[in-house]
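Below you'll find the structure, written out as structure tokens, and then a few comments.
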Amino acid sequence: MSLDRARARTEPTPPEAVTPRRGRGTELVLLIFAIGIATFAYVSVDLGALGRVPPNALAYLGALSVATAVAHVVIRIRAPYADPVILPIVVTLCGLGLAMIHRLDIADGTTRANTQLTWMAVGVALFVGVLIFVRDHRVLSRLPYLAGLAGLLLLVLPLLPVIGHSIRGARIWINVGPMTFQPGEAAKIILIIAFAAYLVQTRDALALAGRRFLGVDLPRARDLGPILLVWLGALGILVVQNDLGPSVLLFGIFVLMIYVATERISWIILGLLLILAGGFAANAVVSHVAERIDFWMDPFIDPQGQVAQSLYGLAYGGLLGTGLGQGRPELTPIAESDFIGSALGEELGLTGLIAIILLYALLASRGLRSGLLLRDPFGKLLAAGLAAGFFLQVFIVLGGVTRLIPLTGLTTPFLSLGGSSLVMNWVLVALLIRLSDAARRPAPPSASTASSTNDTAVTQVVRIR
Amino acid sequence: MSELTLTVIKLGFLAVLWLLILSVTSAMRADLFGVRPPKQPKPQREAREAARQNRQPRGAKGTPTRAFIVEGPDTGKSVALDGTPVTFGRGAECTVPLADEYVSTQHARLRFHESQWFVEDLGSTNGTYVGNQRLTRSTPVTARSRFRLGKTVVELRK
């Protein structure tokens with residue numbers, strides 16, 4: 001009988017019973033693979049377009065390896081339990097983007113790939129900074145309203161007279177010294193943080209059911225305030241900044257996060273209805289939007305236009321693509337930015353484009369997976385918001401490029417030319433790494449595993465090894 | 001560059017790209033099938049063989065008659081082995097109460113069975129060791145055998 005008692009008392013398994021795999025070795029192998037692919041793409045662009053191995057191939061390989069190695073080492077030190085596939089996917093996407101920008105450089109006689117590589121270095125530096133300074137993601141939830149205000153400020157910054165700057169009709173840039181920066185990219189991340197912190201506080205009220213309509217529980221009318229506010233904000237951005245992408249993206253992220261927080265499908269339905277209503281209103285009022293919708297209905301009213309050229313390019317690429325360096329992606333206006341998806345689709349074909357979309361999907365799935373594993377509601381919402389926002393952005397821009405939905409100006413994360421987008425997406429990935437580290441880290445052993453008996457105190461645990 | 005080479009490069013690149021996706025998904029497999037528990041320090045078969053080796057040659061050495069505590073806070077204590085089970089632990093109800101803080105309330109037991117003494121662990125926190133091996137089952141012991149519980153070492157003598 002004493003045996004049974006002793007067993008029962010010491011039953012709680014020791015904390016080292018199941019050691020989760022950290023996966024840093026896996027990450028290293030995948031990273032080497034990713035760098036190999038990036039270099040392969042870079043070399044084959046030159047082989048295809050110019051018929052020679054690029055003279056700076058080794059320098060390119062070195063720069064990419066150094067940036068990746070820095071990120072990997074910092075993960076090893078600061079986030080040892082982080083998901084091992086996130087960084088390799090990001091490096092692959094960056095490499096493909098660099099190769100395609102380099103390919104367009106060859107066609108246009110520019111050197112934008114070098115600029116992009118520099119921005120990637122800046123991005124990695126910020127990535128390292130975030131991992132070092134944000135030790136625990138929960139500190140981000142402390143100031144939801146201030147974060148929201150900061151996000152909004154960043155959004156309206158381009159409207160200010162001196163620093164605001166307008167390129168191709170969209171007033172979303174600011175001048176910082178000699179450079180231009182899109183504050184909207186930073187605002188996106190800050191607003192996701194603010195939404196997550198806000199929804200943690202209010203989701204119980206938002207989940208309350210109101211009137212039932214067509215088998216769907218609608219939320220109570222008085223809870224509609226936040227969604228309408230964000231909707232109006234998004235419409236405001238659209239009208240004053242003349243830019244469709246960020247407004248759709250921000251509103252979409254907000255709706256998805258409310259859905260994640262409340263598990264009520266009615267929010268999605270409401271959100272879609274509001275997007276449609278906003279779209280109709282914008283179509284009538286904002287000329288920019290009406291134009292985009294016209295091009296969506298019939299892209300060939302301007303055969304030289306972006307959408308038409310993008311479709312020609314995709315058709316030219318076909319199933320297997322023309323091969324890197326052998327297509328004519330430069331015929332699409334601004335192919336290096338919004339339309340890099342069609343440029344890649346032309347040279348890598350449907351097979352390559354699907355692979356790229358899958359990489360994005362895997363990345364988003366890792367974010368959602370971290371959200372499922374995380375133990376605190378803020379972390380769950382933040383991970384879901386970052387992953388959903390990321391994938392929504394990919395959907396919006398690639399959907400526009402392939403004429404699935406009306407074209408809205410957004411960058412393709414990690415692929416498009418553009419410092420602000422690249423840098424901010426590295427920050428986003430740093431947050432995802434931090435969240436996945438928190439999710440996969442084994443729970444600290446609780447102090448109350450050993451119950452003391454009346455005649456003795458707790459047995460001290462010997463550390464072997 | 002010949003047309004053929006370029007085609008090979010093109011298809012090769014697509015193949016490598018998809019290979020990466022496959023490796024990424026296979027790295028994610030752990031999520032679907034769970035995390036494999038770490039390997040036991042000694043597989044059971046080896047432990048059994050080791051036990052058998054222990055049993056045969058040393059069985060001839062004779063049965064011990066007394067257990068001495070040779071290390072730890074209770075050094076010098078001893079207990080006669082007369083065939084009734086002997087328990088070691090920090091609890092007062094044990095045959096040999098120990099003052100060692102690393103010992104569980106009911107830590108280990110010596111048991112006489114078919115003219116052979118066995119030592120067994122009673123599910124203690126820190127385990128009972130014969131040599132470097134943590135006990136997972138009843139293990140035969142003979143005169144001159146030693147086993148360790150916490151910081152205490154017990155030696156059996158004739």
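Chains as they are written, first to last, in UniProt numbering: chain A, 1 to 465; chain B, 1 to 158. The C-beta atom is built at its ideal place from N, Cα and C for all residues, glycine as well. Treat the numbers as computed from the prediction; the structure is a model and nothing was measured.
Q: My understanding is that Ser124(B) touches Ser104(B), with C-beta atoms under 8 Å, so please give their C-beta distance in whole angstroms.
A: By one-based count along the second sequence, residue 124(B) stands at place 124. By one-based count along the second sequence, residue 104(B) stands at place 104. Cβ-Cβ separation between Ser124(B) and Ser104(B): approximately 4 Å, consistent with a contact (criterion under 8 Å).
Q.
Cβ closer than 7 Å: which chain A residues qualify as neighbours of Phe13(B)?
A. As a first step, residue 13(B) is located in the second sequence; it is residue number 13 there, counting from the start. Phe40, Ala41, Ser44, Leu324, listed in chain order.
Q. What's the C-alpha gap between Ala439(A) and Ala79(A)?
A. Within the first sequence, the letter at position 439 stands for residue 439(A). Within the first sequence, the letter at position 79 stands for residue 79(A). So the alpha carbons of these two residues sit roughly 11 Å apart.
Q: State the Cα-Cα distance for the pair Phe118(B) and Val24(B), rounded to the nearest angstrom.
A: By one-based count along the second sequence, residue 118(B) stands at place 118. By one-based count along the second sequence, residue 24(B) stands at place 24. So the alpha carbons of these two residues sit roughly 51 Å apart.
Q) How is the alpha helix (DSSP H) around Ala79(A) delimited, first residue to last? A) Within the first sequence, numbered from 1, the residue matching residue 79(A) stands at position 79. Here Ala79(A) belongs to no alpha helix (DSSP H), and DSSP marks it neither H nor E.
Q. Under 8 Å between the Cβ atoms of Arg135(B) and Glu120(B)?
A. For the purposes of this step, residue 135(B) is taken as the residue at position 135 of the second sequence. For the purposes of this step, residue 120(B) is taken as the residue at position 120 of the second sequence. Reading the sequence as shown, one finds Leu at residue 135(B) and not Arg. Against a cut-off of 8 Å, the Cβ pair of Glu120(B) and Leu135(B) comes out as a contact.
(Q) Does the structure place the segment 144–159 of chain A close enough to the segment 188–200 of chain A that three or more beta carbon pairs sit under 8 Å? (A) The segment 188–200 of chain A makes contact with the segment 144–159 of chain A, as at least three CB pairs between them are under 8 Å.
Q: Determine the extent of the beta strand (DSSP E) in which Glu155(B) is found, giving its start and end residues.
A: Your numbering for residue 155(B) matches position 155 in the second sequence. Run containing Glu155(B): 152–157, per the beta strand (DSSP E) assignment.
Q. By the criterion of Cβ-Cβ separation under 7 Å, what are the contact partners of Lys158(B) in chain A?
A. As a first step, residue 158(B) must be located in the second sequence, where it is residue number 158. Near Lys158(B) there are no residues of chain A at all, since even the closest Cβ is about 28 Å away, more than 7 Å.
Q) Quick check: the segment 174–184 of chain A against the segment 370–378 of chain A, are there 3 or more CB pairs under 8 Å? A) Counting Cβ pairs under 8 Å, fewer than three are found: no touch.
Q) Just checking my contact of Gln326(A) with Leu11(B) at CB under 8 Å: how many whole Å lie between their CB atoms? A) Walking along the first sequence from the start, residue 326(A) turns up at place 326. Walking along the second sequence from the start, residue 11(B) turns up at place 11. So it is not a contact: roughly 13 Å between Cβ atoms.
**Q.** Proximity below 8 Å, CB of Leu435(A) to CB of His137(A)
**A.** As a position in the first sequence, residue 435(A) is number 435, starting the count at 1. As a position in the first sequence, residue 137(A) is number 137, starting the count at 1. Yes, the pair counts as a contact, with Cβ atoms nearer than the cut-off.
(Q) Considering only their Cβ atoms, is the gap separating Thr87(B) from Gln106(B) smaller than 8 Å? (A) By one-based count along the second sequence, residue 106(B) stands at place 106. By one-based count along the second sequence, residue 87(B) stands at place 87. Closer than 8 Å, so yes.
Q | Cβ separation of Ile190(A) and Ala150(A), assumed to be a contact under 8 Å, to the nearest whole Å | A | Taking the first residue of the first sequence as 1, we reach residue 190(A) at position 190. Taking the first residue of the first sequence as 1, we reach residue 150(A) at position 150. Indeed, because the Cβ distance is near 6 Å, the residues count as touching under 8 Å.
Q) If Ala67(A) and Met120(A) are in contact, beta carbons under 8 Å, what's the gap, nearest whole angstrom? A) Within the first sequence, numbered from 1, the residue matching residue 67(A) stands at position 67. Within the first sequence, numbered from 1, the residue matching residue 120(A) stands at position 120. Contact holds; Cβ gap of about 6 Å.
Q) What are the residues that DSSP puts in a beta bridge with Thr180(A)? A) Residue 180(A) sits at position 180 when you count from the first residue of the first sequence. Here Thr180(A) is bridged, per DSSP, to Asn175(A).
Q: Could you please give the first and the last residue of the uninterrupted alpha helix (DSSP H) stretch that includes Ile69(B)?
A: What you label residue 69(B) is simply residue 69 of the second sequence in a count that begins at 1. For Ile69(B), there is no enclosing alpha helix (DSSP H); the enclosing beta strand (DSSP E) has its first and last residue at 66–71.
Q) When the Cα of Ser337(A) is compared with those of Leu386(A), Leu208(A), Leu410(A), which residue comes out closest? A) Translated into the one-based positions of the first sequence, residue 337(A) becomes position 337. The candidate whose alpha carbon is nearest that of Ser337(A) is Leu410(A).
Q: Determine, using beta carbons only, whether Lys10(B) comes closer than 8 Å to chain A.
A: Position 10 of the second sequence, counted from the first residue, corresponds to residue 10(B). Under the Cβ distance rule, Lys10(B) counts among the residues neighbouring chain A, one pair being separated by less than 8 Å.
Q | Inter-residue spacing [alpha-carbon to alpha-carbon] between Ser65(A) and Ile89(A) | A | As a first step, residue 65(A) is located in the first sequence; it is residue number 65 there, counting from the start. As a first step, residue 89(A) is located in the first sequence; it is residue number 89 there, counting from the start. Going by the C-alpha atoms only, they are around 14 Å apart.
Q) Can you tell me whether Ala60(B) is buried or exposed, with buried defined as 16 or more other CB within 10 angstroms of its CB? A) Within the second sequence, residue 60(B) is the residue found at index 60, counting from 1. In this prediction, Ala60(B) has a pLDDT of 45, which is less than 50 and means its spatial position is unreliable; what the coordinates show is noted afterwards. Counting the other CB atoms within 10 Å of its CB gives Ala60(B) a total below 16, which places it among the exposed residues.
Q.
Can you give me the C-alpha to C-alpha distance between Phe127(A) and Trp426(A), rounded to a whole angstrom?
A. Walking along the first sequence from the start, residue 127(A) turns up at place 127. Walking along the first sequence from the start, residue 426(A) turns up at place 426. Those two C-alpha atoms are separated by around 6 Å.
(Q) I'd like the span of the beta strand (DSSP E) that includes Tyr129(B), first residue to last. (A) Position 129 of the second sequence, counting from 1, holds the residue named residue 129(B). Unbroken beta strand (DSSP E) run through Tyr129(B): 128–130.
Q: Classify Gly109(A) as helix, strand or coil using the three-state DSSP reduction.
A: Here the question's residue 109(A) lines up with position 109 in the first sequence. DSSP places Gly109(A) in coil when its eight states are reduced to three.
Q) Under 7 Å from any heavy atom of the ligand MG, does the C-beta of Gly313(A) make it? A) Among the components of this structure there are no ligands whatsoever, and the ligand MG is therefore not found.
Q. Under a CB-based cut-off of 8 Å, is Ala107(A) close to chain B?
A. Here residue 107(A) is taken as the residue at index 107 of the first sequence, counted from 1. Output row for Ala107(A): interface = no.
Q) Smallest Cα separation from Arg328(A): which of Glu346(A), Gly389(A), Ile340(A), Trp231(A)? A) Along the first sequence, read from residue 1 onward, the residue named residue 328(A) stands at position 328. Measuring from the Cα of Arg328(A), the nearest candidate turns out to be Glu346(A).
Q) Just how far apart, CA to CA, sit Gly317(A) and Ile77(A)? A) Along the first sequence, read from residue 1 onward, the residue named residue 317(A) stands at position 317. Along the first sequence, read from residue 1 onward, the residue named residue 77(A) stands at position 77. So the two alpha carbons sit approximately 43 Å from each other.
Q: With Glu346(A) as the anchor, note down where its alpha helix (DSSP H) starts and where it stops.
A: Here residue 346(A) is taken as the residue at index 346 of the first sequence, counted from 1. In the DSSP assignment, Glu346(A) falls within the alpha helix (DSSP H) that extends over 340–373.
Q: Check whether the Cβ atoms of Leu93(A) and Leu415(A) sit closer than 8 Å, and answer yes or no.
A: Numbered from 1 along the first sequence, position 93 holds the residue referred to as residue 93(A). Numbered from 1 along the first sequence, position 415 holds the residue referred to as residue 415(A). Note that the C-beta distance between Leu93(A) and Leu415(A) is below 8 Å.
Q. Excluding sequence positions up to five away, which residues of its chain have a Cβ less than 8 Å from the Cβ of Val70(A)?
A. Position 70 of the first sequence, counted from the first residue, corresponds to residue 70(A). Taking Val70(A) as the centre and dropping the five residues before and after it, the same chain places the C-beta of Val124, Val128 closer than 8 Å to its C-beta, in chain order.
(Q) Suppose you measure from the CA of Arg157(B) to the CA of Ala92(B); what does that come to, to the nearest Å? (A) Taking the first residue of the second sequence as 1, we reach residue 157(B) at position 157. Taking the first residue of the second sequence as 1, we reach residue 92(B) at position 92. Rounded to the nearest angstrom, the two C-alpha atoms are 25 Å apart.
Q: Buried or exposed for Phe280(A), please, with buried defined as at least 16 other CB atoms from any protein chain shown within 10 angstroms of its CB.
A: Residue mapping note: residue 280(A) aligns to position 280 of the first sequence, counting from 1. With a 10 Å radius around the Cβ and a threshold of 16 neighbouring Cβ atoms, Phe280(A) comes out exposed.
Q: Could you list the residues in the segment 277–302 of chain A with a C-beta less than 9 Å from some C-beta on chain B, going in chain order?
A: Listed in sequence order: no entries.
Q: Can you tell me which of the three DSSP states Gln133(B) falls into?
A: For this step, residue 133(B) is matched to residue 133 along the second sequence. In the three-state scheme derived from DSSP, where H, G and I count as helix and E and B as strand, Gln133(B) is classed as strand.
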